[in-house]
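In our numbering, the protein residues as written are 109 to 267. We put the beta carbon where it would ideally sit given N, CA and C, even for glycine. Structure, as structure tokens:
In structure tokens, the structure reads:
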């Protein structure tokens, strides 16, 4: 998926299992800006910091008309625990079957403790209200990232 591409119908209609037990689709978010941030694992240091950073800016994302979703392969139960512990005000998507991860091409071979493992490459995508991919961040470094996404959202809205 490239900048300027419109999300395909299959991606828009994927059923998304959310923390809290609800389900939705990206299509159900039509009319809103979407921030989809993909992260490797609940309750790990970098992923916790990233979630806290997005949560701290959540009121500003909402004022800008955006819906924020964190996405990982963790279970809904794991997401519920993570959200409760950190007080996140946005839902986490359980993508255990990697359907959304595959659609956004974030699964990569990674080196962990000397072993090659498949995992999520920390990535974020900004999608316009009409379903167009506006910006993509790959190989994200957590520090300052949520603010950079908010700044990009504000800039995209002003075009």
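query, result
"Separation of residue 147 from residue 125, as counted between CA atoms", "16 angstroms"
"Beta-carbon proximity check, residue 254 vs residue 116, cutoff 8 angstroms", "no"
"Pairwise C-alpha distance: residue 266 and residue 250", "25 angstroms"
"CB contact flag (residue 242, residue 211, <8 angstroms)", "no"
"Of the residues 257, 134, 190, 245, the one placed nearest residue 149, counting alpha carbons only", "190"
"Alpha carbon of residue 273 to alpha carbon of residue 164, nearest angstrom", "What the structure shows of the chain is the stretch from 109 to 267, and residue 273 is not part of that stretch, so it cannot be assessed."
"Pick from 257, 240, 247 that is closest to residue 110, judged by C-alpha positions", "240"
"Sequence-distant residues of the same chain with beta carbon closer than 6 angstroms to residue 157, five excluded per side", "250"
"Distance CB(residue 128)-CB(residue 188) smaller than 8 angstroms", "yes"
"Secondary structure of residue 228, DSSP reduced to three states", "strand"
"Alpha-carbon spacing of residue 259 relative to residue 113, whole angstroms", "21 angstroms"
"Range covered by the beta strand (DSSP E) that runs through residue 174", "174-180"
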